[in-house]
Structures are given as structure tokens and as C-alpha cells.
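Colleague:
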Amino acid sequence: MRTLALLILLSALSIPAAFATPKNAPIVMSCAPNGSRCTFSSDCCSRNCVSTPRVGRVCKTRGSSWTCKPAGHRCTFSSDCCTKNCVNDPRLGRVCKRRGASWTCRPSGVRCTFSSDCCSKRCTYYRGNRVCQ
Numbered sequence: 352m353r354t355l356a357l358l359i360l361l362s363a364l365s366i367p368a369a370f371a372t373p374k375n376a377p378i379v380m381s382c383a384p385n386g387s388r389c390t391f392s393s394d395c396c397s398r399n400c401v402s403t404p405r406v407g408r409v410c411k412t413r414g415s416s417w418t419c420k421p422a423g424h425r426c427t428f429s430s431d432c433c434t435k436n437c438v439n440d441p442r443l444g445r446v447c448k449r450r451g452a453s454w455t456c457r458p459s460g461v462r463c464t465f466s467s468d469c470c471s472k473r474c475t476y477y478r479g480n481r482v483c484q
């Protein structure tokens, strides 16, 4: 009975039952920018997920011969970073920082206190310690 009432209501509002969402709801499609960690090539905006010995699997521009380091990773020069922003952090040393961010974030595997400390925004317990995931 409830299903029938819902179908009648949806047809009255001229919304197809299979797509019962607000008319102007944005469709959010996200992809990982270059230098971000990835699992599959489909995760990346560039559609190119490669494995690097220093960073692991990261998105990189097709045809480029190098990979950049994501936010939170150690760097020497700003050109090492995908964000082109290598800063000297008192706790972490020289690390890549997101543009416009007021703080540096910590990469996965590093100890954290809050999820906001992590580049991934996920601080979880692992073997008795809180670490960025």
C-alpha cells in the first residue's frame, strides 16, 4: 500500500520513480588530482595511476617522466610538490603543503591526534597508536 501511494505521489510530481531525487540536485563526480594516492587509474583525473618506489601509487600526468609528491610528504624544492608549495614545518621538517591551507597535513602512517591532522582526514587506531590512514 505504501509503495502504491509513493508511486502515485511521484507521478503527480512528474518525477520518475527510478530517479526520485530533487530536480536540481548536483551530481558530484570527484577524481584525484595529480600527486594524490590512488588504487586504480579510474581514481585519477588524469586516468593514470602509477607506482613509485618513494611515494607508492599516485596519480600523474600522462606522458610526464616524473611524479610529484602529495601534500604532507617530505620535499626539498617546491617543484617536488604537486601543489608547488614546499614549506618548512617546525614539527615535520620540509613538507609539501596544500595551497591556501593554514597548516601542513600529515601523510598516511604518521601519528596523529585528530583527523584534521591527516591529509586523508582519517586518524584511526592502529596497533595501539593513532595514525593517519
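Residue numbers (my numbering): 352 to 484. Positions of the beta carbon are idealized from the N, C-alpha and C atoms, including for glycine. Everything numeric in this text was worked out from a predicted model, so none of it was measured.
1) Indicate whether the contact test is met: 3 or more Cβ pairs, each with one atom in the region 472-479 and one in the region 444-454, closer than 8 Å.
2) Taking only three categories from DSSP, how would you classify Ser-471?
3) Rounded to whole angstroms, what is the Cα-Cα separation between Thr-418 and Cys-389?
4) Measuring from the CB of Arg-425, is there a heavy atom of the ligand FAD at a distance below 7 Å?
5) Could you tell me the distance, in whole angstroms, from the CA atom of Pro-373 to the CA atom of Cys-382?
6) Is the distance from the Cβ of Lys-448 to the Cβ of Asp-431 below 8 Å?
7) Just to confirm, is the Cβ distance from Pro-458 to Cys-474 under 8 Å?
8) Buried or exposed: which applies to Cys-396, given that a residue is buried once 16 or more other Cβ atoms fall within 10 Å of its Cβ?
9) Below 8 Å between beta carbons: does that hold for Ser-387 and Val-409?
10) Along the chain, where does the beta strand (DSSP E) that runs through Asn-480 open and close?
Modeller: According to the data block:
1) no
2) Here residue 471 corresponds to residue number 120 of the sequence shown, with the count starting at 1. Residue state, collapsed to three classes: coil.
3) Locating residue 418 in the sequence shown gives position 67, where the first residue counts as 1. Locating residue 389 in the sequence shown gives position 38, where the first residue counts as 1. C-alpha separation (whole angstroms): 13 Å.
4) As for the ligand FAD, it is missing from this structure, which has no ligand bound.
5) Reading the sequence shown from its first residue, position 22 is the one you call residue 373. Reading the sequence shown from its first residue, position 31 is the one you call residue 382. Residue placement at Pro-373 cannot be trusted, given a pLDDT of 49 that sits under 50; what the coordinates show is reported in the next sentence. Rounded to whole angstroms, Pro-373 to Cys-382 spans 24 Å at the Cα level.
6) Start at 1 with the first residue of the sequence shown, and residue 448 comes out as number 97. Start at 1 with the first residue of the sequence shown, and residue 431 comes out as number 80. Contact flag unset, no.
7) Taking the sequence shown and counting its residues from 1, the one referred to as residue 458 is at position 107. Taking the sequence shown and counting its residues from 1, the one referred to as residue 474 is at position 123. No; because the gap between Cβ atoms is not below 8 Å, this pair is not in contact.
8) Stepping through the sequence shown from its first residue, residue 396 is reached at position 45. Result: exposed.
9) On the sequence shown, position 36 is the one that residue 387 refers to. On the sequence shown, position 58 is the one that residue 409 refers to. Yes; because the gap between Cβ atoms is below 8 Å, this pair is in contact.
10) Here the question's residue 480 lines up with position 129 in the sequence shown. Residues 480-483.
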